[in-house]
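With the sequence shown counted from 1, adding 98 to any position gets you this note's numbering.
Just below is one structure, and these are the notes that go with it.
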Amino acid sequence: MKVSPNEIRKTLRTLSNSRAFPATFCPSEVARDLADDWRPLMPAIRREAAKLIAAGELECLQGGAPVEIEKAVGPIRLRAAKATSPSG
Numbered sequence: 099m100k101v102s103p104n105e106i107r108k109t110l111r112t113l114s115n116s117r118a119f120p121a122t123f124c125p126s127e128v129a130r131d132l133a134d135d136w137r138p139l140m141p142a143i144r145r146e147a148a149k150l151i152a153a154g155e156l157e158c159l160q161g162g163a164p165v166e167i168e169k170a171v172g173p174i175r176l177r178a179a180k181a182t183s184p185s186g
């Protein structure tokens, strides 16, 4: 199944908006919402998340601390940026 970048960004926004700041979500939650065969989507999800981070919509965390998504190795968590979160 081909998933468009727009679908990925929409799902990233939906998940981030469904969590009250500072709650986080795993990028794999986005992938699982989009496809049964979700693992191949992970690089595209990170790419689209990076765009939303650059736009100030999301934050990336690793071990509970903010990190640059491009430099993160291993599991990450995402959340709405404080200014865009429902309670922020």
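The C-beta atom is built at its ideal place from N, Cα and C for all residues, glycine as well.
Quick caveat, the model's predicted, so the values are computed rather than measured.
- Here E168 is not near A153, since their CB atoms are 8 Å or more apart.
- Residue pairing from DSSP places R177 in a beta bridge opposite E157.
- DSSP places A129 within a helical segment (H, G or I) once states are collapsed to three.
- In this structure, C124 is the residue among C124, D135, L139 with its C-alpha nearest to the C-alpha of Q160.
- Residue L139 holds the alpha-carbon nearest to the alpha-carbon of I106 among L139, D135, R177.
- In chain order, Q160 place their CB closer than 6 Å to the CB of A170, counting only its own chain and leaving out the 5 sequence neighbours on each side.
- DSSP places S116 outside any alpha helix (DSSP H), giving it a letter other than H or E.
- In terms of CA proximity to R175, S126 leads the group R137, S126, A118, S102.
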